[in-house]
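Visitor: My numbering runs 7 ahead of the 1-based position in the sequence shown.
Virtual Cβ for every residue (Gly too), placed ideally from N, Cα, C.
On a predicted model such as this, the values are computed, not experimentally measured, just so you know.
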Amino acid sequence: MPTLLVANRGEIAVRVLRAAADLGWRTVALVTDSDDAHGRFADRAVRLQGSYLDVDAVLAAADGCDLVHPGYGFLAENARFARRCAEAGLTFVGPPPEVLELLGDKSRARALAAEVGVPVLAGAEDGFEDFFRAHGAVVVKAVAGGGGKGVRVVRRLADLAAAVERCRAEALAAFGDGAVFVEELLEPARHVEVQLVGTTVLGDRDCSLQVRHQKLVEVAPAPDLSPDLRSALHDAAATIARAVRYTGLGTVEFLVAPDGRFAFLEANPRLQVEHTVTEQVTGLDLVRAQLLLAAEVEPDLAHTPRGSALQLRVSLTSTGRLSAFVPPTGPGVRVDTHASVGYRAGLGFDPLLAKVVVHADDLETALRRARRALDEFTVDGARTNIGFLRGLLDHPDVLKAHTGLVDSLPREDTGARAPVQGTVVAIESGSVVVEAMKMQHVVPIGDARVLVEVGDTVAEGALLAEGVDLAVEEKAVEVDLDDVRPDLAETMARHDFTRPEAEAKRHAANRRTVRENIADLCEEFVEYGGLAIAAQRRRRSLDELVERTPADGLVAGVGRVNGGQVVALSYDYTVMAGTQGLRNHAKKDRMFELAEQRRLPVVLFAEGGGGRPGDTDHGGVSGLDCMAFHLFAKLSGLVPLVGIASGRCFAGNAVLLGTCDVVIATRDATIGMGGPAMIEGGGLGVFRPEEVGPVDVQVPNGVIDVLVADEAEAVAVAKKYLSYFQGHAEGTRTDTWECGDQRLLRHLVPENRVRAYDVRAVVETLADTGSVLELRPEFGRGIVTALVRVEGRPLGLIANDPGHLGGAIDADAADKAARFLHLCDAFDLPVVSLCDTPGFMVGPDAERTATVRHLTRMLVAGANLDVPFGFIALRKAYGLGAQAMAAGSLKVPLFAVSWPSGEFGPMGLEGAVRLGYRRELDAIDDPAQRKEMFEAMVSAAYEHGKALNVASAYEIDDVIDPADTRRWITTLLTGPDPAPVRTGKKRPFVDTW
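1. When we look at the beta-carbon of Q936 and count the other beta-carbons within 10 Å, is it buried (16 or more) or exposed?
2. Please report the straight-line C-alpha distance between V997 and N708, rounded to a whole angstrom.
3. Quick test of the definition: if touching needs 3 or more C-beta pairs under 8 Å, does the region 719-730 touch the region 523-530?
4. Where in the region 352-411 do unbroken runs of the beta strand (DSSP E), each at least 3 residues long, occur, reported from the N-terminal end onward?
5. Between L552, R994, A884 and R501, which has its C-alpha nearest K641's C-alpha?
6. Considering only the alpha carbon of each residue, which of L60, P126 and V106 lies closest to G267?
7. Taking contact to mean 3 or more Cβ pairs, one atom from each stretch, closer than 8 Å, check whether the region 849-863 and the region 744-759 are in contact.
8. Within the continuous beta strand (DSSP E) that includes V882, where are the two ends?
9. Within 10 Å of its beta-carbon, does Y961 have 16 or more other beta-carbons around it, so buried, or fewer, so exposed?
10. Can you find the residues in the same chain that come closer than 7 Å, C-beta to C-beta, to S778, ignoring five residues on each side of it along the sequence?
11. Measuring CB to CB, does V75 end up less than 8 Å from L12?
12. Count the other CB atoms within 10 Å of the CB of G991; is the residue buried (16 or more) or exposed (fewer)?
13. Helix, strand or coil for M914 per DSSP?
14. For W1000, count the other beta carbons within 10 Å of its own beta carbon; 16 or more makes it buried, fewer makes it exposed. Which is it?
15. Kindly provide the ranges of any alpha helix (DSSP H) runs that are 4 or more residues long and lie completely inside the region 128-157, ordered along the chain.
16. Ends of the beta strand (DSSP E) at C842?
17. Grab me the residues of L589's own chain with a C-beta within less than 6 Å of its C-beta, minus the 5 sequence neighbours each way, in chain order.
18. For E497, tell me which candidate among A857, V553 and K445 has the shortest Cα-Cα distance.
19. Do you know offhand how far G692's Cα is from E698's?
20. Run through the region 896-974 for me and flag every whole beta strand (DSSP E) of 3 or more residues, listed as ranges in chain order.
21. Name the one or two DSSP bridge partners that A243 has.
22. From L82 to D494, what distance separates their C-alpha atoms?
23. Does DSSP put A331 in a helix, in a strand, or in coil?
24. Under the DSSP definition of a beta bridge, which residues are partnered with R424?
25. What is the DSSP secondary structure of P126, reduced to helix, strand or coil?
26. Could you give the residue range of the alpha helix (DSSP H) that holds I686?
27. In three-state DSSP terms, what is A20?
28. Taking 8 Å as the threshold (C-beta atoms), are A52 and A64 in contact?
29. Cα-Cα, which of V957, Y924, A954 and S959 is closest to E942?
30. Taking all protein chains shown into account, do 16 or more other C-beta atoms lie within 10 angstroms of the C-beta of A483, making it buried, or fewer, making it exposed?
31. F532 to G327, Cα distance in whole Å?
32. Residues bridged to V847 by DSSP?
33. Could you compute how far the alpha carbon of A825 sits from the alpha carbon of G616?
34. Give me the Cα-Cα distance between D133 and E172, rounded to the nearest whole angstrom.
35. Return the residue from the list V145, A857 and V610 that minimises the CA-CA distance to E190.
36. For E603, collect the residues of the same chain with a Cβ closer than 8 Å to its Cβ; drop the 5 residues on either side in sequence, then sort them by chain order.
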């Protein structure tokens, strides 16, 4: 026997508990101190440690249960809650999370409806004012949720902005999501919805009688629909259900114009409040069917339509304890409620008190029965809307209503009304003050008679005072727009970060301030945490901390670089030597999480001395639970990371710098995993900061990727580097580009095959003018690694340098190339390889550098690329080194071509001749004749391995005119542009080495 937890309250909790009991299931109800009326209908009641919307609290209460029914409302459409239920081993009574996400997002649901051919109204997710000008009156709607919350009709452009903000706030409070969209207003129109069980249609309902988008009366079946229109609505609902393979209970809602046109409104993947009328006209128990489906039992949906039914929602309009509660009874009358005498009526929850459901053979009889039922319903101790509903049923158009009918009716109870649902906190002379969400709303009432008391909870639109038809005018107050209030003046003063003395010292040392660097790097910079100060209030006064530790030594925020957003952070060396304090660690965490969420590149100015031991405002001990290093390292491979070092960069600052994809350093930089104090403390000697890790150490050893003269050049290089990875951000893919005369390429590789040449001249000529950014030029010098552009498009380039070791690939060069290939692959940059290598470096000295591991690292990196890769032999392409330059084989690249100077072979020609013809050469005694024979054999081998001969055996794709090289490269870039947007990492990380 399964156990069901009902994660809701009120009448729907009672309804579900009863249905489960009829199936013989055990039941558990959630109750609170102020709301436990439904608990008596369950086998067991659990007191909720939180709210009904608190997912963790609900799941904690579900211990020992098998299924969870969310009722209707927020949890019923919450995909996260459904997933958490599954993770906890609980069956969620409703559709799968993926369907909840799709249909619960009104914008995506609209797109789905349009995709499957169901009519939709014109709408927009941004550019609201332009949409209004084009379409006229609109409805502003929350993307998430339902129940009429977060919905406003706007008929004047001047009211649009306020309505959007009101809807955002209401949706955020109700559903945790403030996203909204607008849709053209269709009026007059009826609101008709179709009931589904899976993809089976069980009829329709009219829900047009509503006040401020909150349904009041529902009718089944919807009256006055032609057979063709009813069939079309049913087909449209079933089409949407089939498109998502819908399971469980749900409804698809439509607006129907007087001329029979209809448009998709929304889909509700849950049990509806008004399911009762469909039950009455079908004889089916829909909640039972829903529970059976969740238990993987197919319900019997066979039925014969019978008569008509109405549902009337009886709601509270004030608080109070019920002294009398007598629901109506009799033939064809059903009342779903959780209330009874003694019930404490409050409006902290949904004010729905009871649902009066009537059924009869025809609609007119059902309407008369509904009037009688309301006349019989007695509620004392709290005010309700029964009288209003009773009057509404007497309206001559009640069965021909459109959605605006109720709101257009004159109200007999004139007076001041509550602008929001909230609590009365004050009654002052001429006004009532209502508080909601910690915000007080002053409602003018003039001399009207007050109907509420302090402490009362009131619904939006509830009458606060009566006796006069109020038209209380608020006096216009003239405002001095230039006046600065004291609270604003204090805030503006705290945002004045100028520190003349500290700035003068920086300038005297030919250094920039932190904010000057950020301003040069970013446009439209928005700073996070500028008001933070060092966590040293136990040691220093607040005034001293504000003056001496602005931003806690880390300026951080979001700005634009090349037109694209980036996260920018800079340590401030004038604040405690740029050390890492408690608050700036928290800021780093915030910014790194933001970079992950928004997929934003990060630029870090890393000058500083590492951890700060002087912070006192915390209860920690080791500080090793700091998350900043983990969060930053986790960004590797997800977004480009740019580090800039100027001056001293030690310890934790150096760790963050070394985590970056590219390290840009000024000539005065000194970088080390520990500063002088740490080195001396470890008994390793006494050194000046400039002796720890100067650039003449860190450039040739490969730590620094790009060496620059000063901070201005560092910023320029950072912008250039980012441009290669920013897709279509401004200034990245250029529509206008220039390049050198490509005929020069015909002359840059000497005809003498043993003469060295400048491969960088080849790269500069081949690439767009000014587009080459070489990385680590002084490390692993046998291979050039550079970011370049060809016809404005970014790509990576590797090239052997015959000026170093004759182009042979040693361990450092292989490491450098492997790491560069990882970088390009992680961010979908195509790669071009310019090959001129006699192979891998060999010999005892080479083996002392672990070449077996390092050289194969390059092969592994190339073999696992999935970006477009092209191979061009400039001259020598020998052995495994050439294969490494070709990602493992000449058959792997998108194209493999050669310049006429190309020569190929399993190893260098001279070595191959000596090794293969040693016996023949040793048999010649005369040295001169032996040399002559050797040269003849080399010449024959050269002819055999010439590019033209290799192409004739179709081992390469072509031998090309060097001047035509750019055309071959552009063929590499004819795939999807830009690269597909990724939802996560392509590679786990980019190797820091």
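Guide: The structure says:
1. If you draw a 10 Å sphere on the C-beta of Q936, you find fewer than 16 other C-beta atoms in it, and that means exposed.
2. Approximately 19 Å, taken between the alpha carbons.
3. Yes, the region 719-730 is in contact with the region 523-530.
4. Correct list: 359-367 and 385-387.
5. When each option's Cα is compared against that of K641, the closest is R994.
6. When L60, P126 and V106 are compared, the shortest CA-CA separation from G267 is found for P126.
7. Flag = no, the region 849-863 and the region 744-759 do not touch.
8. Note on identity: in this sequence residue 882 is Arg, with Val being the wrong assignment. Note, R882: beta strand (DSSP E), F876 to Y885.
9. With fewer than 16 other Cβ atoms from the protein chains shown falling within 10 Å of its own Cβ, Y961 counts as exposed.
10. Excluding positions up to five away in sequence, the list reads V795 and R796.
11. Yes, the Cβ-Cβ distance between V75 and L12 is below 8 Å.
12. So G991 ends up on the exposed side.
13. Secondary structure at M914: coil, using DSSP grouped into helix, strand and coil.
14. Looking at its Cβ environment, which holds fewer than 16 other Cβ atoms inside 10 Å, W1000 is exposed.
15. Unbroken alpha helix (DSSP H) runs of no fewer than 4 residues, entirely contained in the region 128-157, are found at 135-142, following chain order.
16. V838 to T844 is the extent of the beta strand (DSSP E) around C842.
17. Excluding its 5 nearest sequence neighbours in each direction, L589 has C-beta neighbours in its own chain below 6 Å: A542, D622 and H625, listed in chain order.
18. The option with the nearest alpha carbon to E497 is V553.
19. In a straight line, the C-alpha of G692 is about 11 Å away from that of E698.
20. Fully enclosed beta strand (DSSP E) runs of 3 or longer: 902-905 and 910-912.
21. BP columns for A243 are empty, so no partner.
22. Looking at the two C-alpha atoms, the distance is approximately 40 Å.
23. Of the three classes helix, strand and coil, the one that applies to A331 here is strand, per DSSP.
24. R424 pairs with L470.
25. Coil at P126, not helix or strand.
26. Start and end: P683 to G688.
27. Residue state, collapsed to three classes: helix.
28. Taking 8 Å as the Cβ cut-off, A64 and A52 do not qualify as a contacting pair.
29. Taking only the C-alpha atoms, the option nearest E942 is Y924.
30. For A483, the pLDDT reaches just 44, beneath the cut-off of 50, and the residue's location in the model is therefore unreliable, leaving the point undetermined.
31. Using only the alpha carbons, I get a separation of about 53 Å.
32. Before going further, note that residue 847 is Phe rather than Val in the sequence given. Per the DSSP secondary-structure output, F847 pairs in a beta bridge with I816.
33. Between A825 and G616, the C-alpha separation is close to 31 Å.
34. Each residue's Cα considered, the two are about 13 Å apart.
35. Answer by Cα proximity: V145.
36. For E603, same chain residues with a beta-carbon under 8 Å away, outside a window of 5 residues either side, are L638, K641, L642, L645 and V646 in chain order.
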